[in-house]
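These notes are about the structure you will find just below.
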Amino acid sequence: MTSPLPMAIAMDWGGTWTRASVIDRNGEVQWSSRVANPKNAGKDGLLENADGLLNEAITACGDSPIAGIGVAVAGPVDADTGTLYDPPNLPELDGVSLKERWEPMTGHTVWVGNDANLAALGEYHFGAGLAARLEGDGPSTLVYMTISTGIGGGVVDRGRMFLGAKGVAAEIGHMCMDMSATAPKCQCGSSGCLEALASGTAIARIARSAVSGIGYQDSLLAVGERESITSESVFQAAAQDDRLALSILEDVVQALGTGLTNVLHLYNPDLVVLGGGVTVGLGQLQFLPRIEAIMRDRAMSQRHKEFVLVASSLGDGVGMAGAAAIVWEAVG
Ligand SMILES: [Zn+2]
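In this text, residue positions in the sequence shown follow our numbering: the first is 503, and each later residue adds one.
Have a look at this one:
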């Protein structure tokens, strides 16, 4: 009789849902569940809710030895202590160390990381990085960028996450793209950031303001309530050749191509992976080759141009894949 294979427990704590999975060494998900975060439950209510899900995941491991617990959360994380700092979607958890809470509770080692940094690690081990290795051309330096409600990023260099001194490196959504006085305000408190020009939130904001402009009354976006316009409605209108939607997305493509050129110059990646809902929308409209063309055109040297750009194949599971990868990497 063979002994059961070891498993990693991965958790992804988002603003609305907390997800947990049991993942084997090959990145295969063996069990998965999620619970909604209780509203107005405060810090203790949120933590107890997640405790319950974690205990379910431990039970789901059955006889398999547990290699450790990896947790992905949005916002800055101290890599050594696992303490969360001002998590934007879960402000109640500011100053909480999930490592200190869960190690005594479970008897297993806990690693906590920022979701975008872990997504890069997930892509490196189980996503685009693995696909490249299987073709005999594994990446040395992988940059992951998620373009969704906001824009986040992570860098993995020779298998290791690049975290920075305080664990907040690779905030590529907040590189400044527009220094002018009219630059749009960003969620981070600054203005003119890539996130303020090219995120899903930015696309919706730009469309809402443009639709009342002169010459766009015939746009598909002008039908219905202005405030109901989302980035999805812009993608849908663009798919029907709507002139306004296409012009908005053309600016988004320019901003992303330019921002990603800065990324090439800063990190010299040989694999760039784009994820998030906006990437899906841009991919369906065949805009990704345009972004890549801008990068190749603007890159300063031939060496910077030696990269491959792909869309993430891990989708929503990318943070979870990274949370498992950090466990497998640590246990060897
Ligand atoms: Zn910003």
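Built from N, CA and C at the ideal position, the CB exists for glycine as well.
The beta strand (DSSP E) that contains residue i, what's its start and end?
| i | result |
| --- | --- |
| Gln532 | 531-538 |
| Asp659 | 653-659 |
| Gly624 | Run containing Gly624: none in the beta strand (DSSP E); it sits in the alpha helix (DSSP H), 617-628. |
| Leu811 | 810-813 |
| Thr763 | Premise fails: Thr763 lies in the alpha helix (DSSP H), 745-769, not in any beta strand (DSSP E). |
DSSP on residue i, reduced to helix/strand/coil?
| i | result |
| --- | --- |
| Leu776 | strand |
| Ala569 | strand |
| Ile525 | strand |
| Met455 | Here the chain has residues from 503 to 834 only, and residue 455 is not among them. |
| Arg805 | coil |
| Thr643 | strand |
| Asp720 | coil |
| Asp818 | helix |
| Leu586 | strand |
| Val670 | coil |
| Thr781 | helix |
| Val829 | helix |
| Ala823 | helix |
| Ser730 | helix |
| Ala574 | strand |
Between which two residues does the alpha helix (DSSP H) carrying residue i extend?
| i | result |
| --- | --- |
| Thr703 | 702-712 |
| Ile793 | 790-800 |
| Phe737 | 733-741 |
| Thr561 | 544-562 |
| Met677 | No alpha helix (DSSP H) holds Met677; DSSP gives it neither H nor E. |
| Glu602 | 600-608 |
Identify, in the order they occur along the chain, each residue of the same chain with its Cβ nearer than 6 Å to the Cβ of residue i, setting aside the five sequence neighbours on each side.
| i | result |
| --- | --- |
| Leu466 | Here the chain covers residues 503 to 834 and nothing more, so residue 466 does not appear. |
| Asp514 | Arg521, Ala574, Gly821, Met822 |
| Tyr587 | Pro578 |
How would you call residue i, buried or exposed, if buried means at least 16 neighbouring beta carbons within 10 angstroms?
| i | result |
| --- | --- |
| Val725 | exposed |
| Ser714 | exposed |
| Glu697 | buried |
| Ser619 | A small fix is needed here, since residue 619 is Asn in this sequence, not Ser. With 16 or more Cβ atoms within 10 Å of its Cβ, Asn619 is classed as buried. |
| Leu730 | As written in the sequence, residue 730 is Ser, which differs from the Leu given in the question. Counting Cβ neighbours within 10 Å, Ser730 comes out exposed, since fewer than 16 surround it. |
| Val833 | exposed |
Quick one: what's got a C-beta closer than 7 Å to residue i's C-beta in the same chain, skipping five residues either side?
| i | result |
| --- | --- |
| Val524 | Met509, Ile511, Gln532, Trp533, Ala559, Ala562, Cys563 |
Please go through the same chain and pick out, in chain order, the residues whose beta-carbon is closer than 8 Å to the beta-carbon of residue i, but skip the five residues on each side of it.
| i | result |
| --- | --- |
| Leu751 | Ile705, Val736, Phe737, Ala740, Leu784, Leu787, Phe789 |
### Stretch-stretch touch, CB-based, cutoff 8 Å, three pairs: the segment 598-610 with the segment 792-799
no
### Task
Would you check if the segment 525-535 and the segment 556-563 touch, i.e. whether three or more CB-CB distances between them fall below 8 Å?
Yes: the two stretches touch, three or more of their Cβ pairs being nearer than 8 Å.
### Inter-stretch contact at 8 Å, needing at least 3 Cβ pairs: the segment 606-625 / the segment 588-596
no
### Task
Inspect the CB distances between the segment 799-819 and the segment 766-775 and report whether three or more fall short of 8 Å.
yes
### Query
Near ligand 3, which residues have their beta-carbon less than 7 Å from any of its heavy atoms, given in chain order?
In the structure on display, ligand 3 does not appear, and the ligands it does have are ligand 1.
### Message
So, does the segment 669-685 touch the segment 799-806, judging by three or more C-beta pairs under 8 Å?
### Response
no
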